[in-house]
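S.K.: Quick one: the structure is below, questions incoming.
Numbering (the working numbering), first residue to last: 536 to 1023.
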């Protein structure tokens, strides 16, 4: 069945006007307006949300971040964990052609090929074969078991596009070159699902914009926005300034990376011991105190220790040393370099703009001053020695964290030894042996001092009380489709 775009657009127009239960849900995603309509394999958070709403993959995420059916209506996993067999729902592409297993096979193969050279491409490297088994049955085979493989398939970048369009569950309307996305939910009977008589009464259109944090918070405070998403630490102080009696700050219990990647190994940073000195000097437990953000978890490791559940890992990298002892060791290393070079130890640090970044920089500069290092803040395009790396995890495995520093990505210093061990792990089927190999890779990455871990990434939202399809989750992705109706 073809999607009737004019009719769906008419639904949106009819719903516009004074705010009410059937008016558009107004959504702002923190980011740059020009990024909202990005395509390709490297998407901003705003573009991820738009793609997730309009371009389904085999499976999707619900508001809590759990796996739900999408193009695949059901699936089975073989006992050895090496084969995922999906049964496709009986539905059509937007042009009216039926969705077939051959379509899905060809589109997935092409999309995985396009992902080469990205961290997501590394994540999905376990896929060894994709087969069309019958008209609506597709099999994906893996080199070794991956318990969170379905979560990987639910990523927006693995949504499937045919002839320039996806299969929903929403359609996108854009007025000219405006930076506003208008989304309308496709009726279930047009997606191969049972019809609902009350669909027109329940379904609400969405208006989605990408805005800088300050502008988005002001819009929420003025009542122009119902939901603000993708707030980061750089803008968190702004969330505390608005009149939140009409809304609430919701903080995701996020997994991922938040720290400083080394972009240079010149000067004082040429030696891994001096790079470690910068990490030794940081008082991570006090780093977040100026923000008043409870529950934030600092870390001195790249991979959270709890992800190595079969291999013992200390909770803290320097658990046997006090902060004072660590700083003493770090100061000695820096002092030796300064004496040999006859010049001050200075590092250039790039952080995103925002009052939260101002606070973070002051904390870091204070800590590094205790060991004789002067921090200079610069823009990302001004040749920094260190740059903030703030990324949400796509799945909870050591391999995701290690893939973020793969030398192919060229984000900064890297460890070829760690990369080789991660690549070796792809074919290991024994869980203990696999985790031991990934632990070796982690140790190699740590030894090369390519990254200064600080803690978990911060993601926050402002949520109007009438929005009940929003749930804080570990992944920081909040699907737009459930916002279109009170119950799905």
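Where is the CB? At the ideal position from N, CA and C, for every residue including glycine. This structure is a prediction, so every number in the text was calculated from the model and none was measured.
(1) Considering residue 981, what are the terminal residues of the beta strand (DSSP E) in which it resides?
(2) If you draw a straight line from the alpha carbon of residue 929 to that of residue 687, how long is it in whole angstroms?
(3) As a quick exercise: from 789, 900, 872, pick the residue whose alpha carbon is nearest that of residue 814.
(4) Hey, residue 671 and residue 622: beta-carbon distance below 8 Å or not?
(5) Have a look at residue 792 and residue 733 and give me their C-alpha separation to the nearest angstrom.
(6) Would you tell me roughly how many angstroms separate the C-alpha atoms of residue 1017 and residue 642, rounded to the nearest one?
(7) Might you give, ordered along the chain, the residues of its own chain that have their beta carbon closer than 8 Å to the beta carbon of residue 600, omitting 5 neighbours on each side?
(8) Evaluate residue 741 with the Cβ neighbour count: other Cβ atoms within 10 Å of its Cβ, from every protein chain shown; 16 or more gives buried, anything less gives exposed.
(9) Scan the region 885–929 and note each continuous alpha helix (DSSP H) run of 4 residues or more that stays entirely inside, going in chain order.
(10) Assign residue 613 to buried or exposed, taking buried as 16 or more other Cβ atoms, counted over all protein chains shown, within 10 Å of its Cβ.
(11) Quick check on this structure: which residue in 914, 953, 966 has the alpha carbon closest to the alpha carbon of residue 845?
(12) To the nearest whole angstrom, what separates the beta carbons of residue 568 and residue 746, a pair I think is in contact under 8 Å?
(13) Would you kindly work out how many angstroms separate the C-alpha atoms of residue 832 and residue 927, rounded to a whole number?
(14) With DSSP as the reference, label residue 717 as helix, strand or coil.
(15) Excluding the 5 residues flanking residue 840 on each side, which residues of the same chain have their C-beta closer than 6 Å to its C-beta?
(16) The alpha helix (DSSP H) that contains residue 688, what's its start and end?
(17) Where does residue 646 land, buried or exposed, given buried means 16+ other C-beta within 10 angstroms?
(18) Just the Cα atoms here: how many angstroms apart are residue 869 and residue 856?
(19) Which residue marks the beginning of the alpha helix (DSSP H) containing residue 511, and which one marks its end?
(20) Under 8 Å between the Cβ atoms of residue 668 and residue 714?
(21) Where does residue 615 land, buried or exposed, given buried means 16+ other C-beta within 10 angstroms?
(22) Between which residues of its own chain and residue 548 is the CB-CB distance below 7 Å, once the five residues before and five after are set aside?
(23) Out of curiosity, what's the CA-to-CA distance linking residue 739 and residue 722?
(24) Below 8 Å on the Cβ atoms is my guess for residue 701 versus residue 796; work out the distance and round it to an integer in Å.
(25) To the nearest angstrom, how far is the alpha carbon of residue 751 from that of residue 697?
(26) Kindly indicate which three-state DSSP category residue 667 falls into: helix, strand or coil?
(27) Could you pull out every residue in the same chain whose Cβ sits closer than 7 Å to the Cβ of residue 689, ignoring the five residues on either side in sequence?
(28) Mind checking who residue 627 pairs with in its DSSP beta bridge?
(29) Going straight from the alpha carbon of residue 766 to that of residue 875, what length do you get?
(30) Could you check what DSSP says for residue 1005 in three-state terms: helix, strand or coil?
(31) Quick one: residues in its chain with C-beta nearer than 7 Å to the C-beta of residue 942, no 5 flanking neighbours on either side, listed in chain order?
(32) Whose C-beta lies closer than 6 Å to the C-beta of residue 826 among residues of the same chain, with five residues either side of it excluded?
(33) What do you reckon, are the CB atoms on residue 762 and residue 993 nearer than 8 Å?
(34) Looking at the strands, I want to know which residues DSSP matches up with residue 618.
(35) Quick one: residues in its chain with C-beta nearer than 8 Å to the C-beta of residue 975, no 5 flanking neighbours on either side, listed in chain order?
(36) In whole angstroms, what is the alpha-carbon distance linking residue 559 and residue 996?
M.R.: Looking at the atomic coordinates:
(1) As a working mapping, residue 981 is identified with position 446 in the chain shown. Note, residue 981: premise wrong, no beta strand (DSSP E); alpha helix (DSSP H) at 966–983.
(2) Stepping through the chain shown from its first residue, residue 929 is reached at position 394. Stepping through the chain shown from its first residue, residue 687 is reached at position 152. Rounded to whole angstroms, residue 929 to residue 687 spans 7 Å at the Cα level.
(3) The count along the chain shown starts at 1 and reaches residue 814 at position 279. Of the candidates 789, 900, 872, the one whose C-alpha sits nearest the C-alpha of residue 814 is 900.
(4) Here the question's residue 671 lines up with position 136 in the chain shown. Here the question's residue 622 lines up with position 87 in the chain shown. Closer than 8 Å, so yes.
(5) For the purposes of this step, residue 792 is identified with residue 257 of the chain shown, where counting begins at 1. For the purposes of this step, residue 733 is identified with residue 198 of the chain shown, where counting begins at 1. Counting only the Cα atoms, residue 733 lies some 43 Å from residue 792.
(6) As a position in the chain shown, residue 1017 is number 482, starting the count at 1. As a position in the chain shown, residue 642 is number 107, starting the count at 1. Straight-line measurement puts the Cα of residue 642 at about 26 Å from the Cα of residue 1017.
(7) Locating residue 600 in the chain shown gives position 65, counting from the first residue. Around residue 600: 1006, 1008, 1009, 1010, 1012.
(8) By one-based count along the chain shown, residue 741 stands at place 206. The residue is buried, with at least 16 neighbouring Cβ atoms inside 10 Å.
(9) Those alpha helix (DSSP H) runs which fall completely within the region 885–929 and span 4+ residues are 890–904.
(10) Position 78 of the chain shown holds residue 613. That one is exposed.
(11) Counted from its first residue, the chain shown places residue 845 at position 310. The shortest C-alpha separation from residue 845 is found at 966.
(12) In the chain shown, counting from the first residue as 1, residue 568 sits at position 33. In the chain shown, counting from the first residue as 1, residue 746 sits at position 211. At roughly 7 Å, the Cβ-Cβ gap stays under 8 Å, so residue 568 and residue 746 are in contact.
(13) As a first step, residue 832 is located in the chain shown; it is residue number 297 there, counting from the start. As a first step, residue 927 is located in the chain shown; it is residue number 392 there, counting from the start. The alpha-carbon of residue 832 is positioned some 14 Å away from that of residue 927.
(14) Start at 1 with the first residue of the chain shown, and residue 717 comes out as number 182. The answer is strand: DSSP assigns residue 717 an E or B state.
(15) In the chain shown, counting from the first residue as 1, residue 840 sits at position 305. Around residue 840: 848, 850.
(16) Taking the chain shown and counting its residues from 1, one reaches residue 688 at position 153. Its alpha helix (DSSP H) spans residues 684–688.
(17) Taking the first residue of the chain shown as position 1, residue 646 is located at position 111. Of the other Cβ atoms in all chains shown, 16 or more fall within 10 Å of the Cβ of residue 646; this residue is therefore buried.
(18) Translated into positions along the chain shown, residue 869 becomes position 334. Translated into positions along the chain shown, residue 856 becomes position 321. Their backbone Cα atoms lie some 18 Å apart in a straight line.
(19) Nothing about residue 511 can be reported from this structure: the residues present for the chain run from 536 to 1023 only.
(20) Sequence index remark: in the chain shown, residue 668 carries index 133 (1-based). Sequence index remark: in the chain shown, residue 714 carries index 179 (1-based). Between residue 668 and residue 714, the gap from beta carbon to beta carbon reaches 8 Å or more.
(21) Within the chain shown, the letter at position 80 stands for residue 615. With fewer than 16 neighbouring CB atoms inside 10 Å of its own CB, residue 615 falls in the exposed class.
(22) As a position in the chain shown, residue 548 is number 13, starting the count at 1. Note on residue 548: pLDDT 40, under 50, position unreliable in the model; no value is reported.
(23) Position 204 of the chain shown, counted from the first residue, corresponds to residue 739. Position 187 of the chain shown, counted from the first residue, corresponds to residue 722. In a straight line, the C-alpha of residue 739 is about 11 Å away from that of residue 722.
(24) On the chain shown, position 166 is the one that residue 701 refers to. On the chain shown, position 261 is the one that residue 796 refers to. Rounded, the Cβ-Cβ distance is 33 Å, inconsistent with contact.
(25) The sequence position of residue 751 within the chain shown is 216, counting from 1. The sequence position of residue 697 within the chain shown is 162, counting from 1. Spanning the two alpha carbons is a distance of roughly 34 Å.
(26) What you label residue 667 is simply residue 132 of the chain shown in a count that begins at 1. Three-state DSSP puts residue 667 in a strand.
(27) Counting from one through the chain shown, the residue named residue 689 turns up at place 154. Excluding residues within five positions, the ones whose Cβ falls inside 7 Å are 592, 594, 595, 596, 602.
(28) Taking the chain shown and counting its residues from 1, one reaches residue 627 at position 92. According to DSSP, residue 627 bridges with 633.
(29) In the chain shown, the residue the question calls residue 766 occupies position 231. In the chain shown, the residue the question calls residue 875 occupies position 340. Residue 766 and residue 875 have their C-alpha atoms roughly 44 Å apart.
(30) The count along the chain shown starts at 1 and reaches residue 1005 at position 470. Coil, per DSSP.
(31) If you number the chain shown from 1, residue 942 lands on position 407. Only residues of its own chain outside the window of five on either side were considered, and among them 949, 951, 954 have a CB closer than 7 Å to the CB of residue 942, listed in chain order.
(32) Here residue 826 refers to the residue found at position 291 of the chain shown. Excluding residues within five positions, the ones whose Cβ falls inside 6 Å are 771.
(33) Residue mapping note: residue 762 aligns to position 227 of the chain shown, counting from 1. Residue mapping note: residue 993 aligns to position 458 of the chain shown, counting from 1. In this structure, residue 762 sits away from residue 993, with a CB-CB distance that is not shorter than 8 Å.
(34) Mapped onto the chain shown, residue 618 falls at position 83. Residue 618 pairs with 676.
(35) Taking the first residue of the chain shown as position 1, residue 975 is located at position 440. Cβ neighbours of residue 975 beyond the five flanking positions: 956.
(36) Translated into positions along the chain shown, residue 559 becomes position 24. Translated into positions along the chain shown, residue 996 becomes position 461. C-alpha separation (whole angstroms): 19 Å.
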